[in-house]
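Q: Chains as they are written, first to last, in the working numbering: chain A, 1 to 191; chain B, 192 to 777.
A virtual CB, placed ideally from N, CA and C, is assigned to each residue, including glycine.
If you scroll down you'll find the structure; I have some questions about it.
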Amino acid sequence: MLTYLRRSLLLALVLTVVLGFVYGLVGTGVAQALFPFQANGSITKNGSAIIGQNWNGYSTTKILDPQWFHGRPDADDPLVANGKPGFSGATNLGPRSKVLRTEVHALVVAWHEVGVDPTTDLVTTSGSGLDPDITPQDALVQVPMVAKATGIPPARLRSLIAHETQGPELGFLGSSVVNVLQLNEALAKLR
Amino acid sequence: MDFAWTIVALVALMALSWRFLGAYMVAVYETRVHFLGFVERPIYRLIGTAPGREQTWKRYATSLLVFSCVFLLVDYLIFRVQGSLFLDPQHLGAVPPALSWNTAVSFVTNTNWQNYAGETTMSYFSQMGALMVQQFVSAAVGIAVAITLVRGFARKGSPTIGNFWVDTVRGCLYVLLPIAFVFGIVFVGQGAVQTLAGPAHVRDALNGVTQTIPRGPAGFMETIKQLGTNGGGFFNANGADPFENPTGLTNLLSIALLLCIPVALTYVFGKMVGALRQGVAVLAAMTIIFGAWTAFTSYAEHQPNPAVAAAGVMHQPTGNMEGKEVRFGDTQSALYDVASTQTSTGSVDGSNDSYNPIGGFGLLTGMMLGEVSPGGVGSGLYTILLFAILAVFIGGLMIGRTPEYLGKKIQAREVKLAGLGILVMPITVLVLTAIAVSIHAGRAGPLNAGPHGFTEILYAFTSQANNNGSAFAGLTGNHAFYNVTGGIAMLMGRFAIIVPTLALAGTLAAKNVVPASAGTFRTDNTMFVGLLIAVILIVGGLTFFPAVALGPIVEQLSHGRFFGVSLAHLAALALPHGIAHWKAVL
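This is the structure we're talking about:
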């Protein structure tokens, strides 16, 4: 029995070093050498290009700022992830949840107040609560709102959206998406 | 159409894995691969063993159990003292005892059930030095057990089934490490984060929003998490988090990584028993079940979400997007989550809890069939072989002959061991679910009220007893009741199946081979594939139908009815926003 214990303990320690730290640290070194931008979180001057942000206080209690395009209602909605900022997660509300129905309805009303008939993505939260993307259709329905608030012609905004549309990768992996931060950065240049 | 191409790409990747990864793994476990000998040999010298020194099944099982217990304690200690160790830029402090126990058990059993949120609980030391290490080791142990069962069929009159230490070390070094490393680079290139620097603070000049962005060494953990069918993510949102699974390409690669070893093991099985067709028959049964579940789950998720429709968005052309990421869309998210629940992975790229009722049914029942399509690394193969033994036994009863499988007589002892291995999981799930719904501590767990709340509890024990680790995450598991019972479920689901499997490997290895004759029941044709699928579906259906009827089936049939949230849950949680907020919402 002692032999088993001794072998187990020694192997546990060796594997912890090899598979945890050697693998993890060599991996970090290689990642930092080859892809420093991605490995550090794709941080640009206005936020991460990968992690979505809550675009200007987007929640059911506040009015949407019509000057910008909006992503999905997630990051610090009080119902998402117990309201902890920087904490990823979904609402986990079931498909027949009264709470989900009420929350979505409040978002539909908020969108109608700024003259937008919202698509599904704009009134549902994502799996991570950090979804950085919307579909081109989600962006197009916001065009009248942004055009009215900024005075930029709708046709100009639509071509901007078309220009910022990416994917699907290899033509079939995932969906066509527009990164909300990049779209708004491009919008800022027009103003 | 995109979905069809995704399936084509996945099938192509699986065909390559089956043929080439399979052949490579045969060479690894027959000790014909040596390129990492400079790491491997010193390890054997240190622990005092060598590839030639074989063990009986009892010694093999003792080694496995002692090793797992010791490693469990090491990891428990790491969680308890992480506050005093290095690599803790967020100063997170020690993990509480009950949670440390649950998490250590969870990772040692290849479950990766997570009652914690990675970014706010675990230091980088714990993530790398305990969690990620187990993602390699528990996977290698699972593969080793499957290999011993294959050896049991392949050998004649042998008293031994292999060397546990050698099988485990070789699985880690030669199979898991190189593949995880190469794909780790790809994932980081696509945008997965891999840094030891702490969280980033960014202020957006356009709108004045400040953001704290949690970071960490997540990219390389992501690949071993999938490859070893572990599923425990670095961040709370798991495969939905853009830092873990940034693009449509990484989503497909994740699915391929978590399926490749279980699929390749059917080649290993066929090759090592000397009849590739036997492996193909097992793979065919796995594929048919997987295909059927993928089809109806994806279809269900392409339907509108009833609550969203009731809130005024009737037209939902992109399907049920509550809890899903735009870059994956409805069907490719469903494919990922089906693959993850039918292996023992349990990583998610969306919120399972927000799936439509039939979609959630697909994920739940995929686990209830015993995770055999294709199942976890190792555990999938050895579990389906237990079902195969049951199938030849039933076939033997029908034709009135002593059943044989691969030339080995299947007698009372073999059938008893296989039956034991199959029954442990359903008994654990149903008994623990019954206890949970009968007492207050159990009923305080679910977030959603009504049938969905029951499903959350049933799902939790199904997931843990199958060593899956996915969750209907509305359930709050980080309380004494769920931490302790969940730990028991995970231990039962792992070791109470592994020990009978090793015993079976021992008795089979000791038997001689009966030559095939005209009366032999064939196990490599369509008839047997059908029989095997029928046995799996009938055992699963008879065991779980009443329980499933109370959860997703009732929910699907409740047209026009909506349910609130569980107030017992809110009282137990003491949410920051308080019950008042939720009552107002209701």
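I want to know whether the segment 668-677 of chain B touches the segment 687-700 of chain B - three or more CB-CB distances under 8 Å.
A: Proximity of the segment 668-677 of chain B to the segment 687-700 of chain B falls short of the contact definition, fewer than three beta-carbon pairs being nearer than 8 Å.
Q: For the segment 481-489 of chain B against the segment 732-744 of chain B, are there 3 or more C-beta pairs whose distance is under 8 Å?
A: Segments in contact, no.
Q: Would you check if the distance between the CB atom of Gly94/A and the CB atom of Val180/A is smaller than 9 Å?
A: No, they are not a contact pair.
Q: Roughly how many whole angstroms lie between the Cα atoms of Gly27/A and Val18/A?
A: 12 Å
Q: Would a check of beta-carbon distances place Trp356/B closer than 9 Å to chain A?
A: yes
Q: If you check the beta carbons only, do Gly665/B and Pro637/B fall under 9 Å apart?
A: yes
Q: From which residue to which residue does the beta strand (DSSP E) around Gln402/B run?
A: Thr401 to Ile404
Q: Secondary structure at Pro617/B, three-state DSSP: helix, strand or coil?
A: helix
Q: I'd like to know if Met313/B contacts chain A, where contact means its C-beta is closer than 9 Å to some C-beta of that chain.
A: no
Q: Residues of the segment 201-234 of chain B in Cβ contact with chain A at a cutoff of 8 Å, in chain order, please.
A: Val230 and Ile234
Q: Quick one: using the 10 Å Cβ neighbour count with 16 as the cut-off for buried, is Gln602/B buried or exposed?
A: exposed
Q: Checking contacts by CB at 9 Å: is Ser708/B closer than that to chain A?
A: It does not; no Cβ of chain A falls within 9 Å.
Q: Output, in sequence order along the chain, the residues in the segment 162-177 of chain A whose CB is closer than 8 Å to any CB in chain B.
A: When CB distances to chain B are screened at a threshold of 8 Å, the residues of the segment 162-177 of chain A falling below it are Gly167, Pro168, Glu169, Leu170, Gly171, Phe172, Leu173, Gly174, Ser175 and Val177, in chain order.
Q: Can you check whether the CB of Gly353/B is closer than 9 Å to the CB of Glu245/B?
A: Yes.
Q: What is the rounded straight-line gap between the Cα of Val109/A and the Cα of Glu164/A?
A: Rounded to the nearest angstrom, the two C-alpha atoms are 28 Å apart.
Q: Helix, strand or coil: how does DSSP classify Ile147/B here?
A: The structure shown does not extend to residue 147/B, since chain B is modelled only from 192 to 777, so the question has no answer here.
Q: Could you list the residues in the segment 397-412 of chain B with a C-beta less than 7 Å from some C-beta on chain A, going in chain order?
A: Leu397, Asn398, Val400, Gln402, Thr403, Ile404, Pro405, Arg406, Pro408, Gly410 and Phe411
Q: Taking a contact to mean a Cβ-Cβ separation below 9 Å, would you say Pro141/B touches Ala700/B in this structure?
A: Nothing about residue 141/B can be reported from this structure: the residues present for chain B run from 192 to 777 only.
Q: Confirm, please, whether the CB-CB distance from Thr522/B to Val753/B is below 9 Å.
A: Looking at the sequence shown, residue 753/B is not Val but Phe. Cβ atoms of Phe753/B and Thr522/B: not closer than 9 Å.
Q: Measure from the alpha carbon of Tyr267/B to the alpha carbon of each residue in Ala218/B, Glu310/B and Gly320/B, then state which is nearest.
A: Gly320/B
Q: Report the three-state DSSP secondary structure of Lys416/B (helix, strand or coil).
A: helix
Q: Give the DSSP-derived three-state secondary structure of Tyr307/B in the structure shown.
A: coil
Q: Can you pull the chain A neighbours of Ala498/B, defined as C-beta to C-beta under 7 Å?
A: The contacting residues are Pro95, Arg96, Ser97, Leu100, Arg101 and Val104.
Q: Between Ala498/B and Leu276/B, what straight-line distance do the alpha-carbon atoms span, to the nearest angstrom?
A: 47 Å
Q: Can you tell me which of Pro132/A, Lys148/A and Thr102/A puts its alpha carbon nearest to the alpha carbon of Ala500/B?
A: Thr102/A
Q: Closest by CA to Phe316/B, which one among Ala295/B, Gly239/B, Thr294/B and Pro408/B?
A: Pro408/B
Q: How would you list, in chain order, the residues of chain B whose beta-carbon sits under 7 Å from the beta-carbon of Phe35/A?
A: Val379 and Gly380
Q: Whose CA, out of Gly660/B, Arg394/B and Ser757/B, lies closest to the CA of Gly567/B?
A: Gly660/B
Q: Check this for me: beta carbons of Leu554/B and Pro565/B, under 9 Å apart or not?
A: no
Q: Use the C-beta contact count for Met718/B: other C-beta atoms within 10 angstroms, 16 or more gives buried, fewer gives exposed.
A: exposed
Q: Along the segment 281-296 of chain B, what residues have a CB closer than 8 Å to any CB found in chain A?
A: none
Q: Can you give me, in chain order, the residues of the segment 720-753 of chain B that have a beta carbon less than 8 Å from any beta carbon in chain A?
A: Glu746, Ser749, Arg752 and Phe753
Q: First and last residue of the beta strand (DSSP E) that includes Asn442/B?
A: Here Asn442/B belongs to no beta strand (DSSP E); instead the alpha helix (DSSP H) covers Gly439 to Met463.
Q: Would you call the CB atoms of Phe516/B and Asp131/A closer than 9 Å?
A: Reading off the sequence, residue 516/B comes out as Glu, not Phe. Going by C-beta atoms, Glu516/B is nearer than 9 Å to Asp131/A.
Q: Does the distance from the C-beta atom of Gly127/A to that of Ser524/B stay below 9 Å?
A: Going by C-beta atoms, Gly127/A is nearer than 9 Å to Ser524/B.
Q: Taking all protein chains shown into account, do 16 or more other C-beta atoms lie within 10 angstroms of the C-beta of Thr619/B, making it buried, or fewer, making it exposed?
A: buried
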